[in-house]
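Enquirer:
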């Protein structure tokens, strides 16, 4: 664990909350006058997590990619409280890109109008329902396994949609528990399931990440392959 | 004038041809094994200049902004002969942007199909005709002036559209010849004409740049104001 009292000079900590790949809500590790926190809030939307309180960090980054799935648009935004930091970010954008593509902005505005339709909760309720269904399905399948386990996520109160909300994460973080399954990604590849090895997330390769925010067709192919893999356990 | 024999280490020269703001075709100043040329070819299109030969430099940059006027799309491209330079450019783009906005690419492809319509020359002939008309108009107006002069541009053979092509530059580079008009941009501002001062182009402020690639309405307002300004000469 890092100890901030040992640092000299400025330190930046990137805090992804919900975290990737686990999906839990986390706080900064470092504190102190020399610590600057950059809060990666790309997954802090009601379809992925309960929203206990509105996000209110000093520097929060968001992406269209994670809000609606339009990753190809390459549109992001930030909420920045420090005017000096804001000005330097604007200056960087101005040097690097002049400005954002108007075509992208126009499409994003059109899509955001759909997100806002009704009481502004229709889109989030829809996306949450899909992800919640998938997580329940996966939890059920993995409950029969002794070889693999999923991450634990808690039910939390959501101040945006209201009520207690059971987990609906975007990723499954699977642990291959057998000594022989140290290369967990290979185990899944043999079962014709694409996964990202744990080493891509500063973890051991006895873990893999499965994406649950895929197209319905892909999820529908994942389910029988997972069942098949787990039914083979001896 | 720079003398390349004095340099130690690598030197980069940006060569804009046609030049901005004058619009003439220029060659690199520097030569030698340590010199890398980046050729800014954004205006090397038949609407702006005769094309004596196809552009064939080692590293050429282009922009959608100047090809069709869609500056807001922020789309550019490069032709790069050195595979190592290419790979580093790809790596930079990957780090900075992951990739280009798909929305922008889709719109650009749609517009490029219009550019290609017919024999591929319809768009260029149209745009050239507009700019040629504007340059003739301006040349005629300024021919009555002793106070101001325009840059000289030559008729050249165009291998793309065929035949000798008289100038059709995107900018007028106006010289205020009177000692009292050292702040040339102010003179034009008083005549309600927006210009860019010469200092923006490493020149003296007795020069200004006028944009001729404006909307028709703007050009139609420019003409009487210029005539008025020049008719006031005493």
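Chains as they are written, first to last, in the numbering used here: chain A, 1 to 234; chain B, 1001 to 1234.
Even for Gly, the Cβ is constructed at its ideal location relative to N, Cα and C.
Measuring straight from C-alpha to C-alpha, what distance separates residue 1 of chain A and residue 30 of chain A?
Expert: In this prediction, residue 1 of chain A scores a pLDDT of 46, lower than 50, which makes its location untrustworthy; the coordinate-derived value is nonetheless stated afterwards. Taking the straight line from one Cα to the other gives about 10 Å.
Enquirer: Using only CA atoms, which one of A/77, A/52 and A/136 lies nearest to residue 59 of chain A?
Expert: Taking residue 59 of chain A as reference, the option from A/77, A/52 and A/136 with the minimal CA-CA separation is A/77.
Enquirer: With distances taken between CB atoms, is the gap from residue 123 of chain A to residue 115 of chain A smaller than 8 Å?
Expert: yes
Enquirer: What number of angstroms, rounded off, separates the C-alpha of residue 110 of chain A from the C-alpha of residue 1183 of chain B?
Expert: 46 Å
Enquirer: Work out the CA separation of residue 1010 of chain B and residue 1121 of chain B for me, nearest whole Å.
Expert: Spanning the two alpha carbons is a distance of roughly 40 Å.
Enquirer: How should residue 1188 of chain B be labelled, buried or exposed, when 16 other C-beta atoms within 10 angstroms of its C-beta is the threshold for buried?
Expert: buried
Enquirer: From which residue to which residue does the beta strand (DSSP E) around residue 1035 of chain B run?
Expert: 1035–1040
Enquirer: Give a yes or no on whether the minimum CB-CB distance between residue 1145 of chain B and chain A is below 8 Å.
Expert: no
Enquirer: Work out the CA separation of residue 212 of chain A and residue 1093 of chain B for me, nearest whole Å.
Expert: 28 Å
Enquirer: Which residues does DSSP pair with residue 1078 of chain B in a beta bridge?
Expert: B/1061
Enquirer: Flag residue 240 of chain A as yes if its beta-carbon sits less than 8 Å from any beta-carbon of chain B, otherwise no.
Expert: Since the first residue of chain A shown is 1 and the last is 234, residue 240 of chain A is not available in this structure.
Enquirer: In whole angstroms, what separates the C-alpha of residue 221 of chain A from that of residue 232 of chain A?
Expert: 17 Å
Enquirer: Indicate, with yes or no, if the ligand COA has a heavy atom lying under 7 Å from the CB of residue 1082 of chain B.
Expert: Among the components modelled here there is no ligand, and therefore nothing to report on the ligand COA.
Enquirer: How many Å lie between residue 1050 of chain B and residue 1072 of chain B at the Cα?
Expert: 26 Å
Enquirer: Can you list, in chain order, the residues of its chain with a C-beta nearer than 6 Å to that of residue 218 of chain A? Leave out the 5 residues immediately preceding and following it.
Expert: Here the set comprises nothing.
Enquirer: Near residue 176 of chain A, what residues of its chain come up, given a Cβ to Cβ distance below 8 Å and the 5 sequence neighbours on each side ignored?
Expert: Hits under 8 Å: 147, 148, 182, 184, 187, 206, 207 and 208.
Enquirer: At least one CB of chain A closer than 8 Å to the CB of residue 1098 of chain B: is that the case?
Expert: By this cut-off, residue 1098 of chain B is an interface position.
Enquirer: Can you have a look at residue 108 of chain A and say buried or exposed, based on whether 16 or more other CB atoms are within 10 angstroms of its CB?
Expert: buried
Enquirer: Buried or exposed, going by whether 16 or more other CB atoms sit within 10 Å of the CB of residue 133 of chain A?
Expert: exposed
Enquirer: Out of B/1018, B/1036, B/1174 and B/1201, state which residue places its alpha-carbon closest to the alpha-carbon of residue 1141 of chain B.
Expert: B/1174
Enquirer: Give, in chain order, every residue of the stretch 66–92 of chain A whose Cβ lies closer than 9 Å to some Cβ of chain E.
Expert: Any reference to chain E falls outside this structure, whose protein chains are A and B.
Enquirer: Per DSSP, what kind of secondary structure is residue 158 of chain A in: helix, strand or coil?
Expert: coil
Enquirer: The alpha helix (DSSP H) that contains residue 115 of chain A, what's its start and end?
Expert: 102–116
Enquirer: Hey, how far is the Cα of residue 12 of chain A from the Cα of residue 228 of chain A?
Expert: The alpha-carbon atoms of residue 12 of chain A and residue 228 of chain A are separated by roughly 45 Å.
Enquirer: Taking all protein chains shown into account, do 16 or more other C-beta atoms lie within 10 angstroms of the C-beta of residue 153 of chain A, making it buried, or fewer, making it exposed?
Expert: buried
Enquirer: Considering only the beta carbon of each residue, do residue 61 of chain A and residue 40 of chain A sit closer than 8 Å?
Expert: yes
Enquirer: Run through chain A and tell me which residues come within less than 9 Å of residue 1137 of chain B, C-beta to C-beta.
Expert: The contacting residues do not exist; residue 1137 of chain B stays about 30 Å from chain A at best.
Enquirer: From which residue to which residue does the alpha helix (DSSP H) around residue 172 of chain A run?
Expert: Looking at the DSSP string, residue 172 of chain A is not in any alpha helix (DSSP H); the run it does join, the beta strand (DSSP E), is 171–176.
Enquirer: Report the rounded CA-to-CA distance for residue 202 of chain A versus residue 1064 of chain B, giving the unit in angstroms.
Expert: 41 Å
Enquirer: Taking the C-alpha atoms as reference points, what is the distance between residue 68 of chain A and residue 27 of chain A?
Expert: 25 Å
Enquirer: Please state the DSSP three-state secondary structure of residue 1016 of chain B.
Expert: strand
Enquirer: By Cβ distance, which residues of its chain are closer than 6 Å to residue 138 of chain A, with the 5 residues on each side in sequence left out?
Expert: 172
Enquirer: I believe residue 1048 of chain B touches residue 1018 of chain B by the beta-carbon criterion, under 8 Å. Please report the beta-carbon distance rounded to the nearest angstrom.
Expert: 6 Å
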